[in-house]
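J.: Using the working numbering, read the sequence shown as starting at 14 and increasing by one per residue.
Even glycine gets a Cβ: it sits at the ideal position worked out from N, Cα and C.
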Amino acid sequence: MLEILLSILILLGGFFTLVGSLGLFKLPDFYMRLHGPTKASTLGVGAVLVASAIHFSVKTGGISLHEVLVTLFLFITAPVSAHLMAKAALHIKVRQEKRTLNKSDQEE
């Protein structure tokens, strides 16, 4: 039963990481490309880390602190870094795709 749970978590993590990578490749502008990997890849890596934490916690009989700390670090730093990159792009006026602009931005 444990192997099935771990397999599902690893496959789910791989799927989300793949979706994030495809989003980085396929989406048209910087802001959309930023959204894909930061959301989907965070979920993907998080699922793999949870699977690893469960595996090593069961195997060693104690809580696997390494994976918990890496997961915590990932979930704190990924949104912050994405926010800072988006603010920097706004500051240097990186162009957006026409269809992603707000109506008020298109009139200007």
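#1: Short of 7 Å in beta carbon distance, which residues of its chain neighbour L37, apart from the five on each side in sequence? Order them along the chain.
#2: Assuming V107 is part of the alpha helix (DSSP H), what are its boundary residues?
#3: Terminal residues of the continuous alpha helix (DSSP H) containing M45?
#4: Would you kindly check if the distance between the Cβ of A53 and the Cβ of V32 is under 9 Å?
#5: Going straight from the alpha carbon of L78 to that of G27, what length do you get?
T.: Based on what the coordinates show:
#1: R46, G49 and P50
#2: Segment: none, V107 is in no alpha helix (DSSP H) and carries neither H nor E.
#3: F43 to G49
#4: yes
#5: 22 Å
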